[in-house]
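A.B. asks: Protein chains in written order, with my numbering: chain A, 1 to 867; chain B, 868 to 1734.
Glycine is no exception: its CB is placed at the ideal position from the N, C-alpha and C atoms.
Once you've had a glance at the structure underneath, I'll fire off some questions.
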């Protein structure tokens, strides 16, 4: 087993054993870039260290020393002593980047002897003591674990005494004294003096880096990022170059493109007369890389040249570290740079245009999460601290004044006020208010509460389940955990991507109408494996969906059409009627609205498919809440308030989710299904007169049984046939069903005999398979996650074992009866990466998600083919 | 094909073609009982009549006439004319008894000629005209469909004119005139005169009986009783014997044993000088069969002798018709008699003791429904009309004064008042009141609403879902559909077996502590195929269960133990606590109670098994409702009322059925499971000191996942191990789970790796598989039944296609992992016949039902083996 590789022995593919940094140092060496020579001790040596009870095996020590000897030979220097003393940097580097989590020691090899020799050689006493004091502190900190602050305080003391602010204002005498004081501090803590033997320094430093793999912050970082604990870190030993020799030396970091915007232009910063650590430490303000062009154009061009080589070679934006030693440029590190989602998209699209990468590669460069977040506004950089944190229910950021009812939000909007809707929980009648709000904050409910689902559907930022706030809707106040109280009209900021809530206002970056995105989404179509349809209830939603490239509408929820102020009154009269005649009369009032809704929707989407789901929620969701509304309604129905309250209370249910809803309404009130069928067929007839053909897919919700489905289908067919006869036209349509109850899954073969398509309603299917009410499960799901009982929120990612196995049963038995049955999914899962992959695996033809989740879904659909 | 059988050609096994009556006439003929001669036209002739467009085929007519000729020869009479005219009765008789549904014509063959001859022969003009007027009316009614009332009115007119009350007070002249008037009425309606040709009379009468198979009331009866429509009726042609010749003639009906009590003693009634129809018509009051012994002991003994032959031959209680013609006894019909459940049980047990039937036969004689009803009080015969009708939620009958709260019922009980609890719906806190009520009436809820389930569990009569009553709990009034209003304290009667509600009081027959039942139940054990355990939460339940022969307790619902007034206060303090310390403190208060509960329960049931389910319902079910309770609780918790209301409201759930309940409570509040485990194990230790060993089966409710189960099991095991260590004893116990969520079914193999037994909770499994909330589905399930979408209420009878198929999956995969896993069911279905058969089929080891359903379940368990 080989444990140590010279930089010229490795390459960028060897990340697993050399770590990311080591592999890239080797690759840069191969590319003949000016990389200070060195070698890498492998991750396997690190694992061996742990297996060997925390000590480096003899044969590995031997291999290290052998490589050290070669390094001495090729640099013509000797480690830590002799005429030309060799100094080293010792840096960690794990296979998966964990920036800042592990340790680094620079200037290794300094001791009394080499310090003297170097002063003689460089005639730069200040530089040598500057390096020495840095080394002593790093060694004490990293190898021995002594408190770094003791050293920092001493440095501060020197600066104070001399009345200066910057380290660079200390002179050689100061630094010499400081170094001596550091040695004393070390000795007083350690009991014996600072080690002067360079080899001992080196081996201790290597051990310390190995150990840093298991320091607390590294373990936490790995846990947070799902990085396995058994990878280990490599250690890179490199001959030092010095940015702190003087004013023609320096250190810097730079990106080949702007990591924030993606603009193709070097972006970075540097400091002269500094070592790398100073650039990030923020002691002095670094200069923009652009200014290097003015002060040293040759060097700048040289760097630009190297950067270009690296980007072309790696075919990705690079994040590089460099040092200038007395006018000579050295490359110390390169890696693929982190970037914002916007930048990631622009870079991927630009690189395709530059023929640097293929469309396939571009598609694989972005994550669904990145693509989603591009559509939402975000905060600019800020340093505010959140006052509390809820569930990140709908991504994006929002700033506005708080209001406690949908009506107040609408009124505020009319006055040009940006409003945040605050509710204990939202209900369908809040929809108009939610539409007008910048963001939504709820006290109750999780990722799939009403507020969350509707907000994501609308692309409105939402923080839900903020259980430690008290919202008092009567006094219109919010009370935070610190007892601070906000009144109506005061301003808060919400981060729907993190769940954070801030007092006051944080400036926003608005989302772009992004050409890169649209072009990118077009590319995904070339590789798509599963169609992506949209959940869209309005013409506006449909336009957005079409623009983002949805293959039609997979779910139009007709109930949302009734909440509009112009309709809700008729709808309420209908549901509170006690006779068929009355109900039919009020449905007749609704028919023109519903017909127009469908007309607009169909016209927008044609010739793509539109799946229309019939009225689904329990009727009580539509009931009036305020006394005023009730009185108005009672007058209009010509009943007294007692009767009104009785009728309202008769619609109350214990478990509305499992109550009188879905196609159960079609069975008990066929007149509703008749009206909806009329609206659909009549809309199709109007379009036919404009030569627009559409084949609506009528979807019956909550089916439990074949017979039940057939009863409803007959209502639809009879109604449609009558209208078609009356108009002497033929409209093509299909009637299918949602599969959202466990019983429908196990009887899917029977149901498929009658139903022409299936769409899995995985929200309800998840609720019923688990017996988890999505509005109530927030209370215990958190505990389930903490106790590792469940890994993923099943309302976010399809539970493949339970829910998924019911879906598989349904598909397999249904296909035996109707081999070409169209199969889709229209739950919230349709926007989730893992779930989409699962849907493709089990043979679904499309996923249907809210418009703002289409980009991510299309990306996943294409990535499935490319991964 | 042979279409006509003489009575001496058939036997009792030939019911399918001869009908019940025909087959039994043939059998009696075979037994040499005095049966007037005759023949039977088969059901196939009836079917042929329908296939032949409503006319009798020539070959069948020929066969009938041939048998008629033989009948003339053997009786020495000629049909409808000649010196000794033969008269006939024509009676229907289908393979399955449909009493009174189809038609009969007596005295057929009378015409001017035979009337004269008969007067000469009998010298009894009155008898002949009595027979003639009866015949004309029956023929007009049955064959022609003329309104019988026209004839009846004419008869009344005669009696009025003569100022008499009884038909028998009319003399021969009256009857002769009446006959002539009848002939006129007939002719005026028919246009042509009454047919005098006897053969024509006969064939028309036969056709009419065939047609009566499809009269409205017969069709309705078949629908109600699930009798196939394609059986057809046979027609029995029999030479007339006359009970109306004079005072030494008569007709009667009798049972071999008392059909109401089962007492072994002839039971029946008769009328002298009457035809059979008069006995049932109620014109004169019939005499008890006992009085025949006084007036004519020889005849009585002869009849008793025949009755005994028949019962011994049929091995069942017989229902017989007889006629005495001038002192000679004729047997006209026998069949197995209908009887009350009490009589059925006593007769079956007695016949085993008499060695008339075997235990197997006895077990097959009773239906589960009969056996169930024996335990409940019933109304005596009454003629009250129900004021409204709800769902028959828990069988039995109850009379009492109405009260609107559980507390008022309890107070009334203390004053010795029999109370009926009236609630819009009941909740667990009403349990104590339900226990003290004679019966329960609810406005909402179906067969498996809280009220229904608890009432059946307690054996208390309950009518639920009486939606057309308005119960106002504030004014304490009930308003009925006819707007009649009842106040607190007024009396109603409930029939929980039919769902009827009556105003005022109806006398009750109390259920017996029935030795026959206990003996009978013992016999079922010899043939049992599946064990029957009891759902029992209290010592009292357990005693009942043990007495009725339950094989242990299959479900002890621990939550019911907390509703007792002595405990609910501590329990409420516990659930409203916000800190672990507080909760533990209040749980500590509950521990002694719970330990004592288990101690008593175990002691009663040992050495049989006891399955204890851990706390299951959502906590808000336990919350205080009245202001007084809340204030008391707030004082005790030292919090103000705002805080109290906040805590109460934080427990509110949208869909509590799918909320924070079941083992989710064990995950979030492990301290509750710890307390329950302590109570169980400590109770076992106490019993061990008395040398009573019990192996409790600890059942975790609402499991969705193996990991979840393991977390809870660990809490149980850790707690138990600690106590056992502390006491230095070893208590055997097992930990299993309910399978009541669809996810648990499809992941049953994983769960079975950790769970030691399964009990299917088919109530919740049905709710979740269908997405039907059992508290809300009443609203639409009725409509589903009306539209034939569902056949059976899935909460009453297991839905084998949907729920059943999930159960089968669970069993099949679980057995692969744990082949000997104990499998039971503890939902409401455990008391339903079809469901028990299904449970046996799919391999369950036991069903666990409420104590009052044990007899029926044990019966089914045995019948499975015997059928």
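(1) Tell me, please, whether the CB atom of residue 1637 of chain B is closer than 7 Å to any CB atom in chain A?
(2) Thinking C-beta only, is residue 1061 of chain B closer than 7 Å to residue 1070 of chain B?
(3) Quick check on DSSP: helix, strand or coil for residue 1423 of chain B?
(4) State the DSSP-derived secondary structure class of residue 535 of chain A, mapped to helix, strand or coil.
(5) For residue 1567 of chain B and residue 1481 of chain B, which I take to be in contact (beta-carbon distance under 8 Å), what is that distance rounded to the nearest angstrom?
(6) Against residue 1524 of chain B, what residues of chain A qualify as contacts under a CB-to-CB distance less than 9 Å, listed in chain order?
(7) Using a beta-carbon distance below 7 Å, is residue 622 of chain A in contact with chain B?
(8) Please identify, using Cβ separations under 7 Å, the residues of the stretch 608 to 621 of chain A that lie next to chain B, in order along the chain.
(9) Could you check the C-alpha separation between residue 1306 of chain B and residue 1427 of chain B for me, to the nearest Å?
(10) Let me check you understand the geometry: is the CB of residue 1423 of chain B closer than 6 Å to at least one non-hydrogen atom of the ligand SAM?
(11) Alpha carbon to alpha carbon, what distance is there between residue 1025 of chain B and residue 1058 of chain B?
(12) What's the C-alpha gap between residue 470 of chain A and residue 480 of chain A?
(13) Residues of chain B with a CB under 7 Å from the CB of residue 802 of chain A: which are they?
(14) Name the chain A residues whose beta carbon is nearer than 7 Å to that of residue 1672 of chain B?
(15) List, in order along the chain, the chain B residues whose C-beta lies closer than 8 Å to that of residue 668 of chain A?
(16) Go ahead and pull the three-state DSSP assignment for residue 1083 of chain B.
(17) By how many angstroms is the C-alpha of residue 1423 of chain B removed from the C-alpha of residue 1431 of chain B?
(18) Using the Cα positions of residue 44 of chain A and residue 20 of chain A, report the straight-line distance between them to the nearest angstrom.
(19) Give me, in chain order, the residues of the same chain whose beta-carbon lies closer than 8 Å to that of residue 259 of chain A; leave out the 5 immediate sequence neighbours on both sides.
(20) Can you tell me the Cβ-Cβ gap for residue 389 of chain A and residue 501 of chain A, rounded? I've got them flagged as a contact below 8 Å.
(21) By DSSP's criteria, residue 1478 of chain B is part of a beta bridge. Which residues make up the other side?
(22) Between B/1006, B/1667, B/1588, which has its C-alpha nearest residue 746 of chain A's C-alpha?
(23) For residue 1197 of chain B versus residue 903 of chain B, is the C-beta spacing smaller than 7 Å?
(24) Measuring only the C-alpha atoms, how far is residue 264 of chain A from residue 300 of chain A?
(25) Counting contacts by CB-CB distance shorter than 7 Å, is residue 704 of chain A in contact with chain B?
(26) Would residue 279 of chain A be called buried (16 or more neighbouring beta carbons within 10 Å of its own) or exposed?
(27) Please determine, among A/399, A/810, A/30, the residue with the shortest C-alpha to C-alpha distance to residue 739 of chain A.
(28) Could you give the uninterrupted runs of the alpha helix (DSSP H) lying entirely in the stretch 836 to 862 of chain A, keeping only those of 4 residues or more?
(29) Mind checking who residue 1539 of chain B pairs with in its DSSP beta bridge?
(30) Between the Cα of residue 176 of chain A and the Cα atoms of A/188, A/155, A/160, A/713, which residue gives the shortest distance?
(31) Given 8 Å as the limit, is there contact between the stretch 87 to 97 of chain A and the stretch 9 to 24 of chain A, that is, 3 or more CB pairs closer than that?
(32) Looking at the C-beta of residue 927 of chain B, does it have a partner C-beta in chain A at a distance below 7 Å?
(33) So residue 479 of chain A contacts chain B; which residues on that side make the cut at Cβ distance below 9 Å?
(34) Give the DSSP-derived three-state secondary structure of residue 593 of chain A in the structure shown.
(35) Count the other CB atoms, across all protein chains shown, that sit within 10 Å of the CB of residue 693 of chain A; report buried if there are 16 or more and exposed otherwise.
(36) Kindly indicate if chain A contains any beta-carbon less than 7 Å away from that of residue 1656 of chain B.
C.D. replies: Taking the definition as stated:
(1) Output row for residue 1637 of chain B: interface = yes.
(2) Contact flag unset, no.
(3) The answer is strand: DSSP assigns residue 1423 of chain B an E or B state.
(4) The three-state secondary structure of residue 535 of chain A, taken from DSSP, is strand.
(5) Confirmed, about 6 Å.
(6) In chain order, 654, 655, 657, 658, 771, 773 make up the part of chain A whose C-beta sits under 9 Å from the C-beta of residue 1524 of chain B.
(7) Not an interface residue.
(8) Along the stretch 608 to 621 of chain A, there is no position whose C-beta sits under 7 Å from a C-beta of chain B.
(9) The alpha-carbon separation between residue 1306 of chain B and residue 1427 of chain B amounts to approximately 19 Å.
(10) No copy of the ligand SAM appears in this structure; indeed no ligand is present at all.
(11) In a straight line, the C-alpha of residue 1058 of chain B is about 25 Å away from that of residue 1025 of chain B.
(12) One C-alpha to the other measures close to 7 Å.
(13) Near residue 802 of chain A (Cβ distances below 7 Å), the residues of chain B are 1610, 1613, 1614.
(14) In chain order: 746.
(15) Against chain B, the beta carbon of residue 668 of chain A has neighbours under 8 Å at 1646, 1647, 1650, listed in chain order.
(16) Collapsing the DSSP output to three states places residue 1083 of chain B in a helix.
(17) Answer to the nearest angstrom: the Cα atoms are 15 Å apart.
(18) Here the alpha carbon of residue 44 of chain A sits roughly 14 Å from the alpha carbon of residue 20 of chain A.
(19) Here residue 259 of chain A has 267, 317, 319, 337, 338, 339, 340, 343 as same chain residues with Cβ atoms under 8 Å from its own Cβ, once five neighbours each way along the sequence are excluded.
(20) Distance from residue 389 of chain A to residue 501 of chain A at the Cβ level is roughly 7 Å; contact confirmed, criterion being Cβ atoms closer than 8 Å.
(21) Note: residue 1478 of chain B sits in a beta bridge opposite B/1564.
(22) B/1667 is the residue among B/1006, B/1667, B/1588 whose C-alpha sits nearest the C-alpha of residue 746 of chain A.
(23) A distance below 7 Å separates the beta carbons of residue 1197 of chain B and residue 903 of chain B.
(24) Those two C-alpha atoms are separated by around 16 Å.
(25) Yes - at least one Cβ of chain B is within 7 Å of the one on residue 704 of chain A.
(26) Within a 10 Å sphere around the beta-carbon of residue 279 of chain A sit 16 or more other beta-carbons, which makes this residue buried.
(27) In terms of CA proximity to residue 739 of chain A, A/810 leads the group A/399, A/810, A/30.
(28) None, since the stretch 836 to 862 of chain A contains no complete alpha helix (DSSP H) of that length.
(29) Its beta-bridge partners do not exist; DSSP assigns none.
(30) Measuring from the Cα of residue 176 of chain A, the nearest candidate turns out to be A/155.
(31) As far as the Cβ criterion goes, the stretch 87 to 97 of chain A touches the stretch 9 to 24 of chain A, which means the pair count is three or higher.
(32) In terms of beta-carbon proximity, residue 927 of chain B stays away from the interface with chain A, with every pair separated by 7 Å or more.
(33) What residue 479 of chain A touches in chain B: nothing, since even the nearest Cβ is about 11 Å away.
(34) Helix at residue 593 of chain A.
(35) So residue 693 of chain A counts as exposed.
(36) Interface annotation, residue 1656 of chain B: in contact with chain A, CB-CB separation under 7 Å.
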